[in-house]
């Protein structure tokens, strides 16, 4: 199973992330976000940040999770390459994300993400899980 893929969206980038469960799909969505910003294979997961979010449904939880990733990227000046996510039945998420401080001399600079959007955001559960989001560039 592929971890994620991108799709065309006017002036934005859409992503679909996949997993055997919600945890894995959200982890792969985090990886997809940071592969838009930089090459995650060059990011050393040497520092960890832990956070929790709670929402009213799966789609809101996805939005809140991705927003937190961008928040820590912007406030801590970090890039992330590893994501450990635990989601319970009450739309509560615990995350531990790993990365390092941005060093544009060593990290590849790709595209800046301005915001996560709710436009066409989706969480589809079957035998596996697919999450979809569009980011504003």
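In the working numbering, the protein residues as written are 1260 to 1396.
We put the CB at the ideal spot given by N, CA and C, even for glycine.
Taking a C-beta distance under 9 Å as the contact criterion, residue 1284 and residue 1325 do not qualify as a contact pair. Here DSSP, grouped into helix, strand and coil, assigns residue 1323 to helix. Taking all protein chains in view, the Cβ of residue 1317 is crowded by 16 or more other Cβ atoms within 10 Å, so the residue is classified as buried. Out of 1315, 1345, 1293, the CA that lies nearest to the CA of residue 1333 is found in 1293.
The DSSP-derived three-state label of residue 1281 is helix. Inter-residue distance for residue 1276 and residue 1321 is about 11 Å (C-alpha atoms, whole angstroms). For residue 1341, the uninterrupted beta strand (DSSP E) segment begins and ends at 1337–1346.
Going by beta carbons, residue 1295 and residue 1369 fall inside the 9 Å limit. Contact check for residue 1356 against residue 1273 fails: the beta carbons are separated by 9 Å or more. C-alpha of residue 1374 to C-alpha of residue 1338: approximately 16 Å in a straight line. Distance check between residue 1260 and each of 1396, 1389, 1394, 1395 places 1389 closest, using alpha-carbon atoms only. DSSP places residue 1376 in the uninterrupted beta strand (DSSP E) bounded by 1374–1384.
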